[in-house]
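K.L.:
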Ligand code: ASP
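Numbering (my numbering), first residue to last: 164 to 605.
1) Distance, Cα to Cα, residue 354 vs residue 360?
2) Helix, strand or coil: which one does DSSP assign to residue 530?
3) In the DSSP output, what is residue 457 paired with across the bridge?
4) Using beta-carbon positions only, say whether residue 218 and residue 269 come within less than 7 Å of one another.
5) Per DSSP, what are the beta-bridge partners of residue 293 in this structure?
6) Any heavy atom of the ligand ASP closer than 6 Å to the Cβ of residue 610?
7) Can you tell me whether DSSP reads residue 346 as helix, strand or coil?
8) Please confirm whether any heavy atom of the ligand ASP lies closer than 6 Å to the CB of residue 214.
9) How would you write the range of the alpha helix (DSSP H) that residue 226 sits in, first residue to last?
10) With C-beta atoms as the reference, is residue 416 less than 7 Å away from residue 168?
11) When you measure from the CB of residue 333 to every non-hydrogen atom of the ligand ASP, does any distance come out below 6 Å?
12) Verify whether the separation of the beta carbon atoms of residue 554 and residue 595 is less than 7 Å.
13) Taking the alpha-carbon of residue 266 as reference, which of 220, 301, 279, 297 has the nearest alpha-carbon?
14) Rounded to a whole number of angstroms, what is the C-alpha to C-alpha distance between residue 434 and residue 389?
15) Considering only C-alpha positions, which residue in the set 288, 386, 568, 436 is nearest to residue 597?
16) Return the Cβ separation of residue 570 and residue 583 in integer angstroms, given the expectation that the two are a contact with Cβ distance under 8 Å.
17) Could you tell me if residue 485 is buried or exposed, where buried requires 16 or more neighbouring beta carbons within 10 angstroms of its beta carbon?
18) Report, in whole angstroms, the separation of the C-beta atoms of residue 421 and residue 461, which I expect to be a contact under 8 Å.
19) Of the choices 246, 192, 508, 438, whose alpha-carbon is the least far from that of residue 394?
20) Work out the CA separation of residue 492 and residue 519 for me, nearest whole Å.
21) In the DSSP assignment, find the beta strand (DSSP E) that holds residue 365 and state where it starts and stops.
22) How should residue 490 be labelled, buried or exposed, when 16 other C-beta atoms within 10 angstroms of its C-beta is the threshold for buried?
23) By the DSSP assignment, the alpha helix (DSSP H) with residue 334 in it spans what residues?
24) Any heavy atom of the ligand ASP closer than 6 Å to the CB of residue 411?
25) Do residue 279 and residue 333 have their C-beta atoms closer together than 7 Å?
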């Protein structure tokens with residue numbers, strides 16, 4: 164039988180009603196064998212996630228203050244869920260252990276991990292599936308990185324004869340034996356690790372949106388859903404700010420060639436977005452492009468010098484200055500007699516004058532210009548390299564909207580075109596590119 168690993172996010176498990184929806188999804192398909200839950204998330208927009216309640220509660224414990232009321236509020240959230248599901252489960256003992264461990268300062272990560280741990284216990288009991296504590300199967304190295312070999316081997320062995328299991332997301336066992344979490348949103352990573360370890364046929368990631376959108380819905384009204392996207396395209400879009408999935412969640416499944424399906428717990432009939440290996444010969448999007456994403460607040464530093472190309476080490480000298488100040492380089496378009504470095508303005512904060520002076524000293528340019536408030540927009544699509552006129556359409560759209568393009572960069576993979584525009588043109592630029600590729604087809 165094929166195996167699917169299903170991960171449910173916090174909003175999909177925020178209360179009894181949501182958990183019932185998740186359970187119905189799991190029970191509807193016997194291939195959905197291994198379940199990775201998050202902690203209960205927000206039930207309404209002003210609500211607090213259980214993970215955040217746990218961090219706040221533990222902060223009190225660390226200061227030696229009373230945390231009883233805060234822990235009781237967390238217990239009440241689980242009690243609501245348990246009663247709402249019509250169960251008789253008691254978590255009293257679990258909460259006594261947690262209170263004791265808080266007093267013993269078991270660590271911030273331990274505290275946060277209890278959200279997933281307890282939700283895992285409740286969901287396992289509700290589904291009638293065995294519960295596996297993630298601290299027994301997911302391991303970190305002394306440097307904090309995942310010990311992928313030990314983890315995969317342990318998980319595989321443990322799940323070998325288990326038709327079903329619930330494994331809480333977000334945490335594992337640190338090299339010191341204490342609980343350690345991934346960064347926020349890390350249950351996505353757990354799901355991916357489990358899917359990779361058992362060589363699942365599919366990793367379903369259930370959330371509260373129907374997949375990745377072609378553009379940010381805060382900028383474009385009701386953008387289309389991306390049906391399929393490759394891992395590499397997704398990396399390009401996430402780098403530019405599009406986020407639904409934890410960044411590190413791609414790697415364990417990518418290396419095993421397992422697709423990820425982003426699905427909506429509140430609209431399970433919708434197919435969501437399929438994230439597929441780069442080699443998959445999937446049908447291309449009707450829009451030619453897959454997605455548009457962007458970020459504001461970059462600074463460009465342009466350096467001009469006649470005969471720059473014959474000055475050995477010119478670029479290296481400039482880049483060394485950035486490296487010495489630990490400023491990451493985002494892009495570096497160049498021409499014969501000039502180069503531009505584009506950096507995140509926040510990284511440059513307060514260092515601009517110093518860097519200018521050092522560049523002048525190192526390479527004696529004829530001219531040095533810095534410009535703030537630059538926005539970068541990435542138009543991403545694996546179909547771009549096979550389709551004529553994509554760049555022409557991007558620039559026609561921008562020209563038509565009277566938006567001045569400050570810089571163009573096309574990655575060597577021909578998977579994306581990046582354009583820089585003034586920060587004030589950012590939203591309008593995204594809208595007009597979207598219109599050109601999506602609305603003209605729809
Ligand atoms: N509960 C954790 C968080 O809020 C992890 C997760 O939901 O994936 O970040």
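The beta-carbon is built from N, C-alpha and C at its ideal position, and this holds for glycine as well. Given the structure is predicted, the values throughout are model-derived calculations rather than measurements.
P.N.:
Based on what the coordinates show:
1) Note on geometry: alpha-carbon atoms of residue 354 and residue 360 lie some 10 Å from one another.
2) Residue state for residue 530 is assigned as strand, using DSSP reduced to three classes.
3) Answer by DSSP bridge pairing, in chain order: 540.
4) No; because the gap between Cβ atoms is not below 7 Å, this pair is not in contact.
5) Paired residues: none, contrary to the question.
6) Lying outside 164 to 605, the shown extent of the chain, residue 610 is not represented and no answer is given.
7) Coil at residue 346, not helix or strand.
8) Because some heavy atom of the ligand ASP lies under 6 Å away, the Cβ of residue 214 counts as near it: yes.
9) Counting along the chain, residue 226 falls outside any alpha helix (DSSP H), and DSSP gives it neither H nor E.
10) Not in contact: residue 416 and residue 168 (Cβ atoms no closer than 7 Å).
11) Yes, the beta carbon of residue 333 sits closer than 6 Å to at least one heavy atom of the ligand ASP.
12) Between residue 554 and residue 595, the C-beta spacing is not below 7 Å.
13) Residue 266 has its Cα closest to that of 220, out of 220, 301, 279, 297.
14) Distance between the alpha carbons of residue 434 and residue 389 is about 10 Å.
15) Checked all of 288, 386, 568, 436; the closest Cα to residue 597 is 386.
16) With 8 Å as the limit, residue 570 and residue 583 qualify as a contact, their Cβ atoms being about 4 Å apart.
17) The residue in question, residue 485, is buried, as its Cβ has 16 or more Cβ neighbours within 10 Å.
18) Not really, about 35 Å apart at Cβ, beyond 8 Å.
19) Put simply, of 246, 192, 508, 438 the residue whose alpha carbon is nearest the alpha carbon of residue 394 is 438.
20) Roughly 15 Å between the two C-alpha positions.
21) From DSSP, the beta strand (DSSP E) with residue 365 extends over 365 to 370.
22) That one is buried.
23) Per DSSP, residue 334 lies in no alpha helix (DSSP H) segment; the continuous beta strand (DSSP E) that holds it begins and ends at 334 to 336.
24) No, the beta carbon of residue 411 sits no closer than 6 Å to any heavy atom of the ligand ASP.
25) Going by C-beta atoms, residue 279 is nearer than 7 Å to residue 333.
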